[in-house]
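Below is one structure, written out as structure tokens; comments come after it.
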Amino acid sequence: MKMELIQPFINAADAVLAQGLHCTTSVGNLTMDQEAYRRKGVAALIWVTGDIEGRIVIDLDPDTAVRVASKFAGAELPESDELVRETVCELANQVIGNAVTSLNDQGFHFRVHPPVVHTSEHGPKSSEDTEALVICFETGIGNVFLNIALRHNSSRQPERAAAVGH
Amino acid sequence: MEQFVAVKRSKDGQPVRYLVVDDSVFARKNLGRMIETFGGQVAGEAGDGVTAITEYERLKPDIVLMDITMPQMEGIEAAEKIVQQHPEARIVMVSSVGYQENIVAALQRGARHFVQKPVKPEVLYEVIKYVMGEDGTAAHAAGAGA
Chain A
1 MKMELIQPFI NAADAVLAQG LHCTTSVGNL TMDQEAYRRK GVAALIWVTG DIEGRIVIDL
61 DPDTAVRVAS KFAGAELPES DELVRETVCE LANQVIGNAV TSLNDQGFHF RVHPPVVHTS
121 EHGPKSSEDT EALVICFETG IGNVFLNIAL RHNSSRQPER AAAVGH
Chain B
1001 MEQFVAVKRS KDGQPVRYLV VDDSVFARKN LGRMIETFGG QVAGEAGDGV TAITEYERLK
1061 PDIVLMDITM PQMEGIEAAE KIVQQHPEAR IVMVSSVGYQ ENIVAALQRG ARHFVQKPVK
1121 PEVLYEVIKY VMGEDGTAAH AAGAGA
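Sequences listed follow chains A and B, in order. Under our numbering, think of the first position of the first sequence as 1, with each following residue one higher. Under our numbering, think of the first position of the second sequence as 1001, with each following residue one higher.
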């Protein structure tokens, strides 16, 4: 997985979290994962299709999700399963939407599918060409994990090369 | 949350009525809270494009805030269908997917403006004033803080 694909997601997560939480974030652990995805807390999964294909998971523990939701809403919110799920999905939507915007402006064309809550303990296993990168964002109110498994869609590469004039 | 000078309808001084369309309840509630700070009123909500069309017909809101990526029918298609039937409809797309191609498609198919998520209240407020144009006036509400 090339850094040119990853960096927009890091930038987007950093910007969305910083704006929503009114605090700075830092990138903590960064690991490659070739095993089946193991959920850490409440996770939202978004599939992307197009020049780059794969999935991105945003994952945070329920307590952090409530704190994040409260910060985003600007008011203390009561804990509820629905609130937690909604928060994680919307966070995923915003991070991935912003990253895809940046990649699209670089010439990659994607379709972003609506987020789905990922409730099973394990997720789709990454393979040789879809190794997953797990990035931990440390915020003042808890850790947010971004799990990215993307690969170039080889069938569309000539199309893209023609589009960007290479 | 910051309080803004209320934007009212010029014709009758009533609050601007909004239809908020987003598949995320969390996003709808957040937008609803912002609308309150603008002195507006959430007339209705929808979680997908199909419901947005029926809710528009039922409520005839002054402004629609419309997400793009949604199940059943996406926001750009829903906006186009609403504008075909109601050319006067004021639809503002509110989405995290803000690349140029998407923005152009939305505007070509009838949306009046585009705001990228995460939404900054001060940005949305200015867009609302712009989209309402002469049909809206920003005026201090009695007893409301600016």
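For glycine and all other residues, C-beta sits at the position ideal for the given N, C-alpha and C. Predicted model only: the values in this text are computed from it and were never measured.
Under 8 Å between C-beta atoms of residue i and residue j
{"i": "Val1042 of chain B", "j": "Ile1035 of chain B", "result": "yes"}
{"i": "Gln1100 of chain B", "j": "Asp105 of chain A", "result": "yes"}
{"i": "Val1016 of chain B", "j": "Lys1008 of chain B", "result": "yes"}
{"i": "Arg67 of chain A", "j": "Gly142 of chain A", "result": "yes"}
{"i": "Ser1024 of chain B", "j": "Gly97 of chain A", "result": "no"}
{"i": "Val1064 of chain B", "j": "Tyr1056 of chain B", "result": "yes"}
{"i": "Met1093 of chain B", "j": "Ala1078 of chain B", "result": "no"}
{"i": "Val48 of chain A", "j": "Thr1069 of chain B", "result": "no"}
{"i": "Arg62 of chain A", "j": "Gly28 of chain A", "result": "Here residue 62 of chain A turns out to be Pro, not Arg, going by the sequence shown. Taking 8 Å as the Cβ cut-off, Pro62 of chain A and Gly28 of chain A do not qualify as a contacting pair."}
{"i": "Val144 of chain A", "j": "Leu77 of chain A", "result": "no"}
{"i": "Gln1150 of chain B", "j": "Thr1037 of chain B", "result": "Missing from the structure shown is residue 1150 of chain B; chain B here goes from 1001 to 1146 and no further."}
{"i": "Leu146 of chain A", "j": "Ala13 of chain A", "result": "yes"}
{"i": "Pro115 of chain A", "j": "Cys136 of chain A", "result": "no"}
{"i": "Ala69 of chain A", "j": "Ile58 of chain A", "result": "no"}
{"i": "Ile1103 of chain B", "j": "Phe1114 of chain B", "result": "yes"}
{"i": "Ile46 of chain A", "j": "Leu133 of chain A", "result": "no"}
{"i": "Phe9 of chain A", "j": "Ala99 of chain A", "result": "yes"}
{"i": "Val16 of chain A", "j": "Pro1118 of chain B", "result": "yes"}
{"i": "Arg1033 of chain B", "j": "Ala73 of chain A", "result": "yes"}
{"i": "Ile1006 of chain B", "j": "Ala1139 of chain B", "result": "For clarity, residue 1006 of chain B is Ala in the given sequence; the question names Ile instead. Cβ atoms of Ala1006 of chain B and Ala1139 of chain B: closer than 8 Å."}
{"i": "Gly1075 of chain B", "j": "Thr101 of chain A", "result": "no"}
{"i": "Arg38 of chain A", "j": "His118 of chain A", "result": "no"}
{"i": "Leu150 of chain A", "j": "Glu53 of chain A", "result": "yes"}
Under 7 Å from the C-beta of residue i: neighbouring residues of chain A
{"i": "Arg1090 of chain B", "result": "None at all; the shortest Cβ gap to chain A is about 23 Å."}
{"i": "Pro1118 of chain B", "result": "Val16, Gln19, Gly20 and Gln94"}
Cβ neighbour criterion (16 or more within 10 Å) applied to residue i
{"i": "Glu1122 of chain B", "result": "exposed"}
{"i": "Ala1146 of chain B", "result": "With a pLDDT of only 38 at Ala1146 of chain B, under the threshold of 50, the placement of this residue in the model should not be trusted, and no figure is reported."}
{"i": "Met32 of chain A", "result": "exposed"}
{"i": "Cys23 of chain A", "result": "exposed"}
{"i": "Met1066 of chain B", "result": "buried"}
{"i": "Gln34 of chain A", "result": "exposed"}
{"i": "Arg1090 of chain B", "result": "buried"}
{"i": "Leu91 of chain A", "result": "buried"}
{"i": "Val164 of chain A", "result": "For Val164 of chain A, the predicted structure reports a pLDDT of 48, less than 50, and the residue's modelled location is therefore unreliable. The matter cannot be settled from this model."}
{"i": "Ala75 of chain A", "result": "exposed"}
{"i": "Met1132 of chain B", "result": "buried"}
{"i": "Arg1058 of chain B", "result": "exposed"}
{"i": "Leu1031 of chain B", "result": "buried"}
{"i": "Arg55 of chain A", "result": "buried"}
{"i": "Ile148 of chain A", "result": "buried"}
{"i": "Glu4 of chain A", "result": "exposed"}
{"i": "Pro1071 of chain B", "result": "exposed"}
{"i": "Arg1109 of chain B", "result": "buried"}
{"i": "Asp1012 of chain B", "result": "exposed"}
{"i": "Val1022 of chain B", "result": "Inspection of the sequence shows that residue 1022 of chain B is occupied by Asp rather than by Val. Answer is buried; the Cβ neighbour count reaches 16."}
{"i": "Glu128 of chain A", "result": "Residue confidence for Glu128 of chain A is low, a pLDDT of 46 falling below 50, so the modelled location carries little weight; the figure read from the coordinates is stated next. That one is exposed."}
{"i": "Leu83 of chain A", "result": "buried"}
Neighbour list for residue i in chain A, Cβ cutoff strictly below 8 Å
{"i": "Lys1008 of chain B", "result": "Within 8 Å Cβ-Cβ: nothing; Lys1008 of chain B doesn't reach chain A, min ~24 Å."}
{"i": "Gly1098 of chain B", "result": "Gly97, Asn98 and Thr101"}
Contacts of residue i in chain D (Cβ-Cβ under 7 Å)
{"i": "Ala65 of chain A", "result": "Given the protein chain composition of this structure (A and B), no chain D is represented."}
Proximal residues of chain B, C-beta to C-beta of residue i below 7 Å
{"i": "Thr31 of chain A", "result": "Those do not exist, as Thr31 of chain A stays about 26 Å from chain B at its closest Cβ, beyond 7 Å."}
{"i": "Asp105 of chain A", "result": "Tyr1099 and Gln1100"}
{"i": "Val112 of chain A", "result": "Thr1069 and Val1097"}
{"i": "Glu90 of chain A", "result": "Ser1024, Phe1026 and Ala1027"}
{"i": "Phe72 of chain A", "result": "Asn1030"}
Cross-chain neighbours of residue i in chain B, by beta carbon under 8 Å
{"i": "Pro62 of chain A", "result": "By Cβ distance, chain B contributes nothing, its closest Cβ being about 15 Å from Pro62 of chain A, past 8 Å."}
{"i": "Phe137 of chain A", "result": "None at all; the shortest Cβ gap to chain B is about 15 Å."}
{"i": "Ala69 of chain A", "result": "Phe1026"}
Positions along the segment 1045-1076 of chain B whose CB lies within less than 7 Å of some CB in chain A | Thr1069, Met1070 and Pro1071
Output, in sequence order along the chain, the residues in the segment 1100-1113 of chain B whose CB is closer than 7 Å to any CB in chain A.
-> Gln1100 and Glu1101
Report the residues of the segment 1015-1046 of chain B with a CB closer than 8 Å to any CB of chain A, ordered along the chain.
-> Asp1023, Ser1024, Val1025, Phe1026, Ala1027, Lys1029, Asn1030 and Arg1033
Using Cβ-Cβ distances below 7 Å, what residues of the segment 3-22 of chain A are close to chain B?
-> Val16, Gln19 and Gly20
Along the chain, which unbroken stretches of the beta strand (DSSP E) at least 3 residues long are found entirely within the segment 1081-1146 of chain B?
-> 1091-1095, 1113-1116 and 1136-1138
Ordered list of beta strand (DSSP E) runs contained in the segment 9-39 of chain A, each at least 3 residues = 26-33 and 36-38
4 or more residues per run - each alpha helix (DSSP H) lying fully within the segment 1020-1063 of chain B | 1025-1037 and 1049-1059
Length at least 4, wholly inside the segment 49-119 of chain A: the alpha helix (DSSP H) runs in chain order = 62-73 and 81-105
For the segment 41-54 of chain A, which residues have a beta carbon sitting closer than 8 Å to at least one beta carbon of chain B?
-> none
Can you list, in chain order, the residues of the segment 76-89 of chain A whose Cβ is nearer than 8 Å to any Cβ on chain B?
-> Glu82, Leu83, Glu86, Thr87 and Cys89
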